[in-house]
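Colleague: Our numbering numbers the first residue of the sequence shown as 3 and each following residue consecutively.
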Amino acid sequence: MGRCFIQLVSGPAGSGKSTYCTAIQQHCATLGKMRRRTVHVANLDPAAENFGYDLAFDIRDLITVEDVMEELGLGPNGALIYCMEYLLQNMDWLEDELDKFDDDEYLVLDCPGQIELYTHAPIIKRMIDQMTQWGHHRMASVFLVDATFVCDAPKFISGSLLSLSAMIALELPHVNVLSKVDLVDDAEVEKILDCESASVLWQREEYNMAKDQKITLPSDIISKEDRQRIALRRSKQNRLTEAICSLLDDYSMVSFIPLNITDEESIDHVLAHIDHTIQYGEDLEVRGADEN
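Set out below in structure tokens:
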């Protein structure tokens, strides 16, 4: 009965989950002798099509979104939820696949990106609970957010709330990764990550919006009454946003590790955080020392 180390990779659609899995698999194959490992990657997204990694197993061997859409006449989202519920009803298939791995092996699960699978229909949480019952306790959730999506304050706050939602829903050790950093300006990423307060980010955004408002809404075009209505609506919206920012600041639960897949040191930095989270390598180091 294998009880391997497991990363569950999730995040919004298009955040680079499959690319991340490929980068981790290839990077680990090139590490030095003491750290080199074979990373197995499995697909749990029944709607996925193309992969850059070598597949250990694939949920599409059990069920696919395309077949469900064709046979049941469901749309893409409905078909995906049906597929994942079908997996829950056939967990013996997943158990058989997981049992093929030894205790010291490393597995990355490429999960679907639809957030409703983690919140509104907690299918992934139920799958994790079942895996825990089988004895898989060395698991971590890796949540990816696209760096191009969070290079301004409102989108960064939204991405932080997505990460927090997944963290609370899955109840696993959790690592947030800012993907596609190589596609955006380094200064923009550093400006966001170096600011430890969501409230400060929003204050900067308010200041910029106020300047833009003066430029785009001259007094000879918009009446005084309309300006007052706009100011009142914005004040209400800002109070809600400020409350959300305060929530993020007060608990300090969300932080991101930037990932540049073109930089081996960046990949290694992310991997080291995740290894520490699931305590990978501790037994291996002791065993290596004994062998010497």
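Where a beta carbon is used, it is the ideal one built from N, C-alpha and C, also for glycine. Please read these numbers as outputs of a predicted model, since none were measured by experiment.
Straight-line CA distance for Glu-192 to Tyr-22?
Modeller: C-alpha separation (whole angstroms): 21 Å.
Colleague: Could you give the C-beta distance for Asp-270 and His-42, rounded to a whole number, given that I count them as a contact under 8 Å?
Modeller: With 8 Å as the limit, Asp-270 and His-42 do not qualify as a contact, their Cβ atoms being about 19 Å apart.
Colleague: Can you list, in chain order, the residues of its chain whose CB lies under 6 Å from that of Trp-95, leaving out five sequence neighbours each side?
Modeller: So the list reads Leu-64, once near-sequence residues are dropped.
Colleague: Whose C-beta lies closer than 6 Å to the C-beta of Ser-162 among residues of the same chain, with five residues either side of it excluded?
Modeller: Answer for Ser-162: Leu-250 and Val-256, listed in chain order.
Colleague: Do Lys-19 and Leu-180 have their C-beta atoms closer together than 9 Å?
Modeller: Not a contact, by the Cβ cut-off of 9 Å.
Colleague: Could you give the residue range of the alpha helix (DSSP H) that holds Gln-276?
Modeller: Note that residue 276 corresponds to Ile in the displayed sequence, not to Gln. First-last of the alpha helix (DSSP H) with Ile-276: 266 to 280.
Colleague: Check whether the Cβ atoms of Pro-114 and Leu-82 sit closer than 9 Å, and answer yes or no.
Modeller: Going by C-beta atoms, Pro-114 is nearer than 9 Å to Leu-82.
Colleague: Among all the DSSP beta bridges, which residues are the ones paired with Asn-178?
Modeller: DSSP output for Asn-178 lists Phe-145 as bridge partner(s).
Colleague: For Tyr-282, which option in Asp-106, Glu-99 and Asp-188 has the closest C-alpha, if you only look at C-alpha atoms?
Modeller: The shortest C-alpha separation from Tyr-282 is found at Asp-106.
Colleague: Less than 9 Å between the beta carbons of Ser-165 and Phe-258, yes or no?
Modeller: Yes, Cβ-Cβ distance for Ser-165 and Phe-258 is below 9 Å.
Colleague: According to DSSP, what are the bridge partners of Pro-260?
Modeller: Answer is Leu-180, bridged to Pro-260.
Colleague: Could you name the residues of the same chain whose beta carbon sits closer than 8 Å to that of Leu-273, not counting the 5 residues immediately before and after it, in chain order?
Modeller: Hits under 8 Å: Ile-26, His-29 and Cys-30.
Colleague: If His-176 and Ser-143 are in contact, beta carbons under 8 Å, what's the gap, nearest whole angstrom?
Modeller: Yes, His-176 and Ser-143 are in contact; Cβ-Cβ is about 5 Å, under 8 Å.
Colleague: Exposed or buried, what is Ser-17 when buried is set at 16 or more other beta-carbons lying within 10 Å of its beta-carbon?
Modeller: Result: buried.
Colleague: Using the Cα positions of Ser-268 and His-275, report the straight-line distance between them to the nearest angstrom.
Modeller: Distance between the alpha carbons of Ser-268 and His-275 is about 11 Å.
Colleague: Tell me the residue span of the alpha helix (DSSP H) that contains Val-11.
Modeller: Note, Val-11: premise wrong, no alpha helix (DSSP H); beta strand (DSSP E) at 7 to 12.
Colleague: Below 8 Å CB to CB, which residues in the same chain sit around Thr-40 once its five sequence neighbours on both sides are set aside?
Modeller: The residues are Cys-30, Ala-31, Glu-107 and Tyr-108.
Colleague: Identify, in the order they occur along the chain, each residue of the same chain with its Cβ nearer than 8 Å to the Cβ of Lys-127, setting aside the five sequence neighbours on each side.
Modeller: Result list for Lys-127: Tyr-120, Ala-171, Leu-172 and Glu-173, in chain order.
Colleague: Bridge partners of Asn-45, per DSSP?
Modeller: DSSP, once it has assigned bridges, lists Asp-60 and Asp-112 as partnering Asn-45.
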